Structures are given as C-alpha cells and as structure tokens.
Amino acid sequence: MLDWKDLPDSAEKRNAYYGSPEWAEKRIPVIKRSKGICENCKAAYAKIVHHIHYRNLYNEPPEDLLHLCMKCNKLAHPEHY
C-alpha cells in the first residue's frame, strides 16, 4: 500500500493525508487550544480542524489551523456543502 507521501499532489493525496497518523497528531494541539469550542464563533462545539490557508499543506504548524464548528466550517467552505 502506498503512503500518502508517495502520491502525486491530488485530492487522493489530501484525503490519504487526512486519514494519516501525521494529520491526527497535528490536530491534537489545535483541539487542546480550542478546549472544544469553535475558534471562530466561540459559541458552538468544534468538530473540524480547518486550514486557514494551504501554503504549508502537509507541514502545517498549529497556527495555520483552526478548530471550527460545523456551521463555521460550512461558511468557510460553502462549495463542499
């Protein structure tokens, strides 16, 4: 089985990355920082770790990521819903 790092940059690679142990590790400090509350609206429970930008995709520091509730994530990515 190919590792996500061996795939060409594509939706397949991004999806494989989001299922990887590396992505799971990167999410931990973001989730701890938010204490489970959406970092945008500050009112709802956060469920999704969101990229502020993709400049450091696959090598994101925690400050490139936000923990968002479903509503705020939908506002950030209306094309996905």
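In the numbering used here, the protein residues as written are 2 to 82.
Heads up, the beta-carbon is just placed ideally off N, CA and C, and yes, glycines get one too.
Since the model is a prediction, treat every value here as computed from it, not as a measurement.
Expected contact under 8 Å - CB spacing of residue 36 and residue 70 to nearest Å: Numbered from 1 along the sequence shown, position 35 holds the residue referred to as residue 36. Numbered from 1 along the sequence shown, position 69 holds the residue referred to as residue 70. That pair is no contact at about 13 Å.
Residue 61 burial status per 10 Å Cβ neighbour count (16 or more: buried): The count along the sequence shown starts at 1 and reaches residue 61 at position 60. Residue 61 should be labelled buried.
Supposed close pair residue 66, residue 41 - CB separation, criterion 8 Å: Taking the sequence shown and counting its residues from 1, one reaches residue 66 at position 65. Taking the sequence shown and counting its residues from 1, one reaches residue 41 at position 40. Rounded, the Cβ-Cβ distance is 12 Å, inconsistent with contact.
Enclosing beta strand (DSSP E) for residue 29 [first to last residue]: The residue you call residue 29 lines up with position 28 of the sequence shown. Not the beta strand (DSSP E): residue 29 falls in the alpha helix (DSSP H), residues 22-35.
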